[in-house]
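**Q**
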Amino acid sequence: MAAERSLAGTLRFHPPLPTHTTMKRRHLLPLLGTALLSTLPTAASAQDPAPPPRQPGVLRVVCLGDSLTGDRPGKPYLHQYLKWSDLLALALESRLGTGKAEVFNAGWGGDATYTKGDKPGGLKRVDTDVLPFQPDIAVVLIGGNNYSDKTKSPEEITARYREDLNGIVSKIKGAGIKVLLLQYPEPKAEDMSKVWTHLDDGNPIVAEIAKAQQVPTLELAPAFAEAAKTRPLPTLLNGTDGVHLQPYGEVVLARTVFLKLAELGWVTAAAR
């Protein structure tokens, strides 16, 4: 799957491999790496342990989330695959110019909004994985794992999610950072028996908090539904859990977020 810069200033992605090919994550480097790794913005992977200093005129974005966003902040992965945050960085650079955008991946696999086992929780991680980077924009996709807790009632889970997500947005907004809240794609696979159907249960809370906090939100489900009209579902979402992104799913998510940021007028050179 190659990419080229279009005259409109956005990335245009060519079709993936033939539909009979099973595209697994380990294939991402051969498909994308040769063409794109050398062009990725320097800080796009967020693999440095400490935030690099801000550069004048460079738009900085942090993507806070769970495993749909990344495995662990600071854990190297670009030698194996690309995530949607990396593709977003390329799209932003295509509009702003080479070196004029950097996107940091603050995904943590299995994380909820609160501390859960060895996972610190998104609310706490705002202080370590978002604010120290002083981004212009924070893109937030977290909370699906809240709904996997079998020890609490749906009402308890929803109340906690509402409280935590409100806290996440308040912290980020309080630092003068723009916030875009993402709503999860609809979990879907050809065999629905093992699909994590709970993942998008919190989407109404995301919409509620966005309205209350007066920040934009983006539904991802329509973009994935549209892509599924012309792409085999297994190229978009994991064939077992129906949740984790396959290579073209990464493309769809990155493209959808980029278009929303552009619509909001946020794809501009940073003032600081």
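Taking the working numbering, the leading residue of the sequence shown gets 1057, the next gets one more, and so forth. For every residue, glycine included, the Cβ atom is placed at its ideal position computed from N, Cα and C.
1) For a quick check, are the C-beta atoms of residue 1141 and residue 1159 less than 8 Å apart?
2) Suppose the cutoff is 7 Å on Cβ atoms and the five residues either side in sequence are ignored; what does the same chain contact list for residue 1080 look like?
3) If we call anything under 8 Å between Cβ atoms a contact, is residue 1256 one with residue 1243?
4) I think residue 1227 touches residue 1262, with their Cβ atoms under 8 Å apart; what is that distance to the nearest whole Å?
5) For a minimum of 4 consecutive residues, which ranges assigned as the alpha helix (DSSP H) are wholly contained in the stretch 1157-1212?
6) Please list, in chain order, all residues of the same chain as residue 1116 whose beta carbon is under 6 Å from its beta carbon, the five residues on each side excluded.
7) So, for residue 1118: in the same chain, excluding its five sequence neighbours on each side, which residues have a beta-carbon less than 6 Å away from its beta-carbon?
8) Sort 1209, 1318, 1171 and 1297 by Cα distance to residue 1249 and report the nearest one.
9) Of the choices 1196, 1279, 1285 and 1130, whose alpha-carbon is the least far from that of residue 1168?
10) Mapping DSSP to helix, strand and coil, what is residue 1239?
11) Residue 1174: buried (16+ other C-beta within 10 angstroms of its C-beta) or exposed?
12) In whole angstroms, what is the alpha-carbon distance linking residue 1265 and residue 1285?
13) Give every residue of the same chain whose Cβ lies closer than 7 Å to the Cβ of residue 1330, excluding the five residues on either side of it in the sequence, and list them in chain order.
14) Within 10 angstroms of its Cβ, does residue 1100 collect 16 or more other Cβ (buried), or is it exposed?
**A** The structure says:
1) Counting from one through the sequence shown, the residue named residue 1141 turns up at place 85. Counting from one through the sequence shown, the residue named residue 1159 turns up at place 103. Contact flag set, yes.
2) As a working note, residue 1080 is residue 24 in the sequence shown. Low confidence applies here, because residue 1080 scores a pLDDT of 37, under 50, leaving its location unreliable and the question unanswered by this model.
3) If you number the sequence shown from 1, residue 1256 lands on position 200. If you number the sequence shown from 1, residue 1243 lands on position 187. Contact: yes.
4) Taking the sequence shown and counting its residues from 1, the one referred to as residue 1227 is at position 171. Taking the sequence shown and counting its residues from 1, the one referred to as residue 1262 is at position 206. At roughly 16 Å, the Cβ-Cβ gap does not stay under 8 Å, so residue 1227 and residue 1262 are not in contact.
5) Segments of the alpha helix (DSSP H) lying fully in the stretch 1157-1212: 1178-1181.
6) Here the question's residue 1116 lines up with position 60 in the sequence shown. Shown here for residue 1116: same chain residues with a beta carbon closer than 6 Å to its own, the five before and five after excluded, namely 1158, 1191 and 1192 in chain order.
7) Indexing the sequence shown from 1 puts residue 1118 at position 62. Within the same chain, residue 1118 has close Cβ partners 1160, 1162, 1186, 1189, 1191 and 1194.
8) Locating residue 1249 in the sequence shown gives position 193, where the first residue counts as 1. The shortest Cα separation from residue 1249 among 1209, 1318, 1171 and 1297 belongs to 1297.
9) Residue 1168 sits at position 112 when you count from the first residue of the sequence shown. Closest by alpha carbon: 1196.
10) Position 183 of the sequence shown, counting from 1, holds the residue named residue 1239. Residue 1239 sits in a strand when the DSSP states are folded into three classes.
11) For the purposes of this step, residue 1174 is taken as residue 118 along the sequence shown, with counting starting at 1. Residue environment: residue 1174 is assigned as exposed (fewer than 16 neighbouring CB atoms within 10 Å of its CB, all protein chains considered).
12) Counting from 1 along the sequence shown, the entry for residue 1265 is found at position 209. Counting from 1 along the sequence shown, the entry for residue 1285 is found at position 229. So the alpha carbons of these two residues sit roughly 31 Å apart.
13) Coverage of the chain is limited to positions 1057 through 1328, which leaves residue 1330 absent and any answer about it impossible.
14) If you number the sequence shown from 1, residue 1100 lands on position 44. Its pLDDT being 45, under 50, residue 1100 is placed unreliably in this model, and the coordinates cannot settle the point.
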